[in-house]
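In our numbering, the protein residues as written are 131 to 248. Quick reminder that beta carbons are idealized off the backbone N, C-alpha and C, glycines included.
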């Protein structure tokens with residue numbers, strides 16, 4: 131059974147920082163590109179950042195320079211460090227696992243709420 135379990139969300143003030151974690155089980159972790167997506171109320175889900183098993187990263191322009199995605203292949207866990215938080219970062223953040231081999235597989239976590247407000 132595949133599980134992606136996010137943690138680390140909550141209420142933060144503008145300018146603050148937070149670190150999201152996504153612990154996975156039931157997948158061969160190094161076969162997957164791991165990503166963080168977010169969905170704000172009334173908006174489509176969007177990519178925040180992703181990372182390959184080799185450590186190559188990709189960021190949305192809106193978070194570039196103030197966010198860092200990382201993964202621990204030994205712990206089957208992916209992280210998202212976000213700094214200089216803005217109110218527009220408020221969203222539900224989802225962990226995603228996308229298999230790069232055939233057959234392509236795609237899994238989602240249940241999401242964790244991040245609210246940036248004073």
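> Taking just the CA atoms, how far does residue 138 sit from residue 213?
Replying inline: Going by the C-alpha atoms only, they are around 14 Å apart.
> What residue range is occupied by the uninterrupted beta strand (DSSP E) comprising residue 202?
Replying inline: Looking at the DSSP string, the run of the beta strand (DSSP E) that includes residue 202 is 197-202.
>> For residue 197 and residue 211, which I take to be in contact (beta-carbon distance under 8 Å), what is that distance rounded to the nearest angstrom?
In response: At roughly 7 Å, the Cβ-Cβ gap stays under 8 Å, so residue 197 and residue 211 are in contact.
>> Could you tell me which whole beta strand (DSSP E) segments of length 3 or greater appear in the region 133-171?
In response: The DSSP assignment places complete beta strand (DSSP E) segments of no fewer than 3 residues inside the region 133-171 at 133-137, 140-142, 148-155, 162-169, in order along the chain.
> Would the beta-carbon of residue 220 be found less than 6 Å away from any heavy atom of the ligand HEM?
Replying inline: Summarising the ligand content, the structure contains no ligands, and the ligand HEM is consequently not present.
>> Taking the beta strand (DSSP E) that residue 176 belongs to, which residues open and close that run?
In response: In the DSSP assignment, residue 176 falls within the beta strand (DSSP E) that extends over 176-181.
>> Whole angstroms are fine: how far does the CA of residue 228 sit from the CA of residue 253?
In response: Outside the shown range of the chain, which is 131 to 248, sits residue 253, and nothing can be said about it.
> Got a sec? Which residues, its chain only, sit under 8 Å from residue 231 by beta carbon, not counting five neighbours each side?
Replying inline: Result list for residue 231: 161, in chain order.
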